[in-house]
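Residue 1 is where the sequence shown starts when you use my numbering, and the numbers rise one by one after that. C-beta: ideal position from N, C-alpha, C; glycine also. Being a predicted model, the structure only gives us computed values, none of them experimental. Report on the following structure.
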Amino acid sequence: MKITKMETFLVPPRWLFLKIETDEGITGWGEPVVEGRAATVEAAVKELSEYLIGKNPLTIEDHWQVMYRAGFYRGGPILMSAISGIDQALWAIKGKFHNAPVYELLGAPVRDSI
């Protein structure tokens, strides 16, 4: 499976949503936004998409490391928000691929009640 398309949606007044599509027809959604900086985060997502298009969406940790460590300057709210939205969408794709909720992929519930 490969990522074929990444599309952003700016929604007034200040939201940004991301849709990632695969060649198998599986899609995932994420919300990469810093309030008041949606257009800036959108630019970061588009820049990161140059790396992600054509890659396997299931190797999330590998992509995370490349996106975070590839630049000389790491961190900051813009980059971290862009990566977080991408991360959300990739986990959604992985959950759909394995026909399992994301919480199960992350380790399942620890307790039934608090």
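Practice task
Taking 8 Å as the threshold, find out whether the segment 49 to 67 comes into contact with the segment 30 to 41 through three or more Cβ pairs.
Solution key: no
Exercise for the section: Report the rounded CA-to-CA distance for E47 versus Q65, giving the unit in angstroms. Expected result: Distance between the alpha carbons of E47 and Q65: 16 Å.
Handout entry: Separation of G30 from L58, as counted between CA atoms
Key = 15 Å
Exercise for the section: Starting from the C-beta of K2, find all residues in its chain whose C-beta is less than 7 Å away, skip the five residues before and the five after it, and write them out in chain order. Expected result: Around K2: T22, D23, G54, K55, N56.
Practice task
Could you pull out every residue in the same chain whose Cβ sits closer than 8 Å to the Cβ of E61, ignoring the five residues on either side in sequence?
Solution key: Cβ within range, chain order: n/a, list empty.
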